[in-house]
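Single-structure report; data block below.
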Amino acid sequence: MKLRKLSTWFSVGVLLVLGANVLCVVLIEQAYNKMMAVQEHQRLSIQLSNELQQETEQLARLVRAYTTTGEPRYLFYYYDILAVRQGEKSAPATFNPAIYWDDVIAGRVLHVLPKQVERHLLKDRMRALGFNAQELQTLTQVFAATEAMKQTEQIAFAATQGLYDPDKRVFVSEGTPRLDFASKLVHSQAYNRLKANLAHAVEGLKDQVSKRTQGEVEQATTRLQRLIMVLLASMAVTIGLVGLAFNTVRRQVLKPIETAKLSADRLSAGDYQPCRLDSVRDSAVDELAVLGETFDSMAQSIEADISRRQTVQLALEKARNQAENATKIKSMFLATMSHEIRTPMNAILGMAYLALKTDLNARQRDYVSKVHNAAKMLMDIINNVLDFSKIEAGKLELEQNRFLVEEVVSNALALLQQRAYEKEVELLFEVDTPHLLDEGGRFGWGCATPGANSD
């Protein structure tokens, strides 16, 4: 697999997992908010049910307090509670049903209802909180039980005010207040049964609300827990994906690179063995496999080039050694031959020199002088041959001596005189500089050689 394809798949996988994680986080947040809303709904629903139960109990206490004492304020509080429940009056701004009416009865709070009426029916409040049809039906039963008690309470209120004749069991416009009858009526077994029916209806409503809201809370909690489990699973997948990516990168990228590095170190140390990516080539990415093959080819090329260079170098060294040996042999031969030739040449020079010291006629002296000069020049040639040997050995040293140009050139021309005479050539020379600083022998040889080589 190519590294680009591998990185693309890994990036896609990471993006998918990150997207799943983000989606899970969003869903968890929504589920958490839903659960908090359900819990708040449960609290408000139960609170409303408790308020209904407290109002019911408070109404019963106010009825008995009024029929016992005859104080009008209890009756006034009674009707205000019903008016607030039915939406005919507005509750106080700081209204808390759990303690408000107890504080009012105890005289701790001045009871004054707002003049501006905001209708908040109990049934509407329950609908707003999501009470279902069964709960609303139970609320109807609560209202029916309250209405049944209210009929008995109206008789007790009228008897307390003298507007009811207990003997005739009819309402009258004027009469004697019968607190005893009213108190007995609200404490009777029949009234208690009505009160018990109301309590059961209210308790049934509370139980229904509690079960419903608890079910909603449990459902929201379960959904939240499931989403959390999904998120944990997604995180586990993320960790697994990261581990898989690390293992894949280590196996397909890092390990081949390390192997290539070791091979490069061996190459720098002079070991030109192949990169040996065979063990990891099947698992390495294509780019590194190709790089390894290229590296092997490069190492083999370098090794072959070095082998060729070594072969050429050995051949050159062999040729140089052969040339040096040949040169040495030639130099030895030249030196030996030069020494062998110098011995008879010295004899010729010596004999010619001695002959020149004797009484010779002009022709003989000319011949012997030419022989002597030619022998001297031949000796110079032999010395030059020895100089070649010195040059090859790097030991040649040139001498700087003053000599007569006319004498050296005359000796050189004397060697050419016979050939010039035969060819009817006149040899003439004129010298402007009588003396030169050089090796006279080599100078004379240089003058004679062109003439000797000419036709």
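Anchor point for the sequence shown: position 378 equals 378 in the working numbering, and the numbering is continuous, going up by one each time. Every residue gets a Cβ at the ideal spot worked out from N, C-alpha and C, and that includes glycine.
Taking the Cα positions, Q219 is about 37 Å away from L244. Apart from the 5 residues on each side of it in sequence, A201 sits with its Cβ closer than 7 Å to the Cβ of T138, Q141, V142 and A145 in its chain, given in chain order. When DSSP states are grouped into helix, strand and coil, D359 belongs to the coil group. Contact between P92 and P114 holds, with the beta-carbon distance rounding to 7 Å and staying under 8 Å. Per DSSP, the beta-bridge partners of F171 are Y164. Contact fails between the region 204 to 215 and the region 159 to 172, because fewer than three Cβ pairs, one in each stretch, are under 8 Å apart.
Annotated three-state conformation of R178 is coil, per DSSP.
Annotation: the continuous alpha helix (DSSP H) that includes Q225 extends over Q189 to V249. Residue environment for R43: exposed (fewer than 16 other C-beta atoms within 10 angstroms of its C-beta).
By the neighbour-count criterion, in which a residue is buried when 16 or more other Cβ atoms sit within 10 angstroms of its Cβ, P344 is exposed. When secondary structure is reduced to three states using DSSP, E29 falls in the helix class. For G70 and K89, the gap between their C-alpha atoms comes out near 24 Å. For V371, same chain residues with a beta-carbon under 6 Å away, outside a window of 5 residues either side, are A352 in chain order.
Under the three-state reduction of DSSP output, E71 falls in the coil class, being neither helix nor strand. L75 places its beta carbon 8 Å or farther from that of F181.
By the 16-neighbour rule on beta-carbons within 10 angstroms, A159 is buried. Shown here, T94 sits in coil according to DSSP, grouped into three states, outside any helix or strand.
Membership of I105 in the alpha helix (DSSP H) is indicated by the continuous run Y100 to A106. The beta-carbon distance between Y78 and L59, rounded to whole angstroms, is 6 Å. This is short enough to meet the 8 Å contact definition. Two segments are said to touch when three or more pairs of C-beta atoms, one from each, lie closer than 8 Å; by this definition the region 29 to 48 does not touch the region 171 to 191. When the five nearest sequence neighbours on each side are left out, the beta carbons in the same chain lying within less than 7 Å of the beta carbon of L27 are those of L227, in order along the chain. If you check the CB distance, L349 and M379 come in under 8 Å. When only Cα atoms are considered, V17 and M235 end up about 8 Å apart. Look at G87 here: in three-state DSSP terms it is coil, with no helix or strand label. In the three-state reduction of the DSSP assignment, P344 falls in the helix class. Across the structure, M36 and Q54 are spaced so that their CA atoms are roughly 26 Å apart. For W9, the number of other beta carbons within 10 angstroms of its own is below 16, and it is reported as exposed. Here L241 is near V14, since their CB atoms are less than 8 Å apart.
The Cβ-Cβ distance between L136 and L48 does not fall below 8 Å. Less than 8 Å divides the Cβ of T213 from the Cβ of S45. By the neighbour-count definition (other C-beta atoms within 10 Å, threshold 16), I99 is an exposed residue. When only Cα atoms are considered, Q313 and S268 end up about 22 Å apart. In chain order, R64 place their CB closer than 8 Å to the CB of H187, counting only its own chain and leaving out the 5 sequence neighbours on each side.
Contact annotation, M149 with L82: C-beta distance approximately 11 Å; criterion of less than 8 Å not satisfied.
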